[in-house]
Amino acid sequence: MVEVEWMADYEAVIGVEVHAELATRSKMFCSCAVVDSTIAEPNIAVCPVCAGMPGVLPVVNRAAVELGVRLALALECEILPQSFFARKNYFYPDLPKGYQISQYEQPLARNGRLVILTSKGEKTVRIRRVHLEEDTGKLTHILKDGVSYSLIDLNRAGVPLLEIVTEPDLNSAEEVRAYAMTLRNILRYCGINSGDMQKGVIRIEPNVSVRKRGSEQLGTRTEIKNLNSFRALERSVAYEIERQVRLLREGREVVQETRGWDESQGKTVSQRSKEEAHDYRYFPEPDLPPLTLDPAWLEEIRRSLPELPMARRRRFQTQYGLNAYDAEVLTNERVVADYFEAAVAQAPHLSPKTIANWICGELFGLMNQVGGEFDPGRVPVESLVELLSVLDKGTINQLTAKAILAEMFTSGKRAPELIREKGLEQVSDQSQIAGWVSQVLGENPEQVQTYLKGKEALEQWFFGQVMRLAGGKANPKVVQQILREQLNKLKEQA
Amino acid sequence: MRLTRELVDHIAHLARLGLSEEERERYREQLSAILDHFQRLQELDTEAVPPTFRAVEARRPLRQDEVQPSLSISELLANAPDVEQDQFRVPPILDT
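Just so you know, the protein sequences line up as chains A and B, in that order. Following the working numbering, the numbering of the first sequence begins with 1 at its first residue and continues without gaps. Following the working numbering, the numbering of the second sequence begins with 495 at its first residue and continues without gaps.
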């Protein structure tokens, strides 16, 4: 997207709605299994309750409430001691009952906050509400032999969802992305779900409006749907801001509507005009009593909360002396942060900074190559510590250590075994190294002459030749020292 | 208060009902009467009265997160008017 100068006269105002599936075993209001609806056979986990058959009663899943409370606490929300379920009425075949059980007037929690980090520093985003609801079924639209119809799979209908709504506190595509990523990290830290956007366990819907800078009045907003990656999220918001500013500059109006993101075209496309809140005819769900939270239970959940990414990042900086960047990279994922701390605990003789460098550099690189999540099983903590310890002792050099780590990663073998197998042990033996140095100097008389005439930078080149001759196994410090000695001797003779 | 034809059409659309000319007029009358009745109720001052959502104040325990067997596909689809690939088949749904 081209940065246009007149964009500076306008300001974007963005709020975000996130739907997060809760990783429970059973559904929100019935005992059907929660299955991965992107791969499961259709309609294998459906019962009279989630199929919307008459005469059934929903019963709230305790684990879903617990996960909802966990997140609400992590977002520093006020938890309402009593909240209500409501029916949101609309007709769409993915909703078998003709209404969705949600929360409206008194949600599970409200008035929270989340601190995000952008290129401009920290920013606090206010959380308006967090509420529980149920997911809908999945529709597949089909066109076959000129006939068009839809198929309905109800596996996902009734899966517990948490809706998290911000105040309109975000002002750029970058901030929206930072908010979404920070929230995802917290969802994963709290064990609420896997964070897999491709599978739709987190669905992000920004509400975007723009206004003249300095204006108090909010512009008309559009809602963007169909975003299945952070990249799509950021691009779509940037696109939408520019589209709306263009409309206003041309003296036209923004229409309140839902717009879908078209990834291939890189633009948002009008989907339907949004139904107004009163169109949903919300009313209290007569089949469910108010959700009353026992204070003792709340306290128990509060105590079970893990240390959250932001707090952990700050502690990593003070306790381990890491810089802000390393601390952030290490704490984004709980599994990575745990891995780092386990390594530090097992290796008091190594500096935390060294361990951090190896994890953020080499190990991340290797994990990225196989394209997956950080998997501590690939290189157990003990194995990494073992490798870094032999490196620290000087048994192997840095380059060899990197090669060995790559081997450990693919073969699952441990460092000492690989060093023995491949004869990679570092050579520090003075006479052996002196022999290599003499050989290199003897074989390159021209370079030696140039060196003696004053081109001292050639020392680095000789060093490289010796290391090559030694197959990378020579102890670089010893090589440097002996090379210097022999060159000095030549200088004296000359 | 008399509802406009447009509002009747809007409500019919939300309920996904197709109304004939004669029905539109009839429901306009009936809905207007219902609305008038509620308007009368609105006259009561209920400022100090907390809303009653249900007649019986019941507390129901939460359910433990345990999986029970679901319906078999044949049971689930037994009453479906149309079925294809183990799914409910319905008329086309267009987003736009």
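Just so you know, even glycine gets a beta-carbon here, dropped at the ideal spot from N, CA and C.
The beta carbon of I116 of chain A sits no closer than 8 Å to any beta carbon of chain B. Interface criterion met: the Cβ of Q581 of chain B is under 8 Å from a Cβ in chain A.
Per DSSP, H531 of chain B is one residue of the alpha helix (DSSP H) stretching across E515 to Q536.
Taking 8 Å as the upper bound for CB-CB distance, Y320 of chain A and V381 of chain A are not in contact here, some 16 Å apart. Secondary structure of H507 of chain B (DSSP, three-state): helix. Taking the CA atoms as reference points, R259 of chain A sits about 44 Å from E341 of chain A.
Apart from sequence neighbours up to five positions away, the residues of its chain that approach T292 of chain A with a beta-carbon distance below 6 Å are Q82, ordered along the chain. In this structure the stretch 83-99 of chain A does not lie against the stretch 115-124 of chain A, because fewer than three pairs of beta carbons, one per stretch, are closer than 8 Å. Taking a C-beta distance under 8 Å as the contact criterion, T124 of chain A and R113 of chain A qualify as a contact pair. Among the CB atoms of chain A, none fall inside 8 Å of the CB of E541 of chain B.
In the DSSP assignment, I101 of chain A falls within the unbroken beta strand (DSSP E) covering Y99 to S102.
Between G394 of chain A and P445 of chain A, the alpha-carbon positions lie close to 32 Å from each other. The stretch 345-356 of chain A and the stretch 370-386 of chain A touch, with no fewer than 3 CB-CB distances between them shorter than 8 Å. Per DSSP, the unbroken beta strand (DSSP E) holding R129 of chain A starts and ends at G121 to E134.
Counting only Cβ-Cβ distances below 8 Å, I528 of chain B has no contacts in chain A at all, with the closest Cβ about 14 Å away. DSSP, reduced to helix, strand and coil, places G372 of chain A outside both helices and strands of the structure shown, so it counts as coil.
Counting C-beta atoms within 10 angstroms of its own C-beta, I404 of chain A has 16 or more neighbours from the protein chains shown and is therefore classed as buried. Interface with chain B (8 Å Cβ-Cβ cutoff): P284 of chain A is included.
Under the 10 Å beta carbon count, Q581 of chain B is surrounded by 16 or more other beta carbons and is classified as buried. At least one beta carbon of chain A lies nearer than 8 Å to the beta carbon of V561 of chain B. For N207 of chain A, the enclosing beta strand (DSSP E) has its first and last residue at I202 to K212. Under the three-state reduction of DSSP, V115 of chain A is assigned to strand. In this structure the stretch 495-515 of chain B does not lie against the stretch 459-478 of chain A, because fewer than three pairs of beta carbons, one per stretch, are closer than 8 Å. Per DSSP, the continuous alpha helix (DSSP H) segment holding F340 of chain A begins and ends at R334 to Q346. Rounded to whole angstroms, S514 of chain B and E523 of chain B show a C-alpha spacing of 14 Å. Selection A:L452, A:I482 and A:V440 evaluated against F462 of chain A yields A:V440 as nearest (Cα-Cα). Contact of Q533 of chain B with chain A is not assigned, every C-beta pair being separated by 8 Å or more. DSSP places T450 of chain A within a helical segment (H, G or I) once states are collapsed to three. In the structure shown, A178 of chain A falls within a helical segment according to DSSP collapsed to helix, strand and coil. Within the DSSP bridge table, the entry for Y189 of chain A names no partner.
For V46 of chain A, the residues of chain B that pass the 8 Å Cβ criterion are S564, L565 and L570, in the order they occur in the chain.
Against chain A, a Cβ distance below 9 Å from A552 of chain B picks out P289.
In its chain, beyond the 5 residues on either side, Q430, I433, A434 and V437 have a beta carbon closer than 8 Å to the beta carbon of I482 of chain A. A distance of 8 Å or more separates the beta carbons of R126 of chain A and P107 of chain A. For V502 of chain B, the closest Cβ of chain A is not nearer than 8 Å. Considering only beta carbons, the part of the stretch 130-155 of chain A lying closer than 7 Å to chain B consists of L139, H141, S148, Y149, S150, L151, I152 and D153, in chain order.
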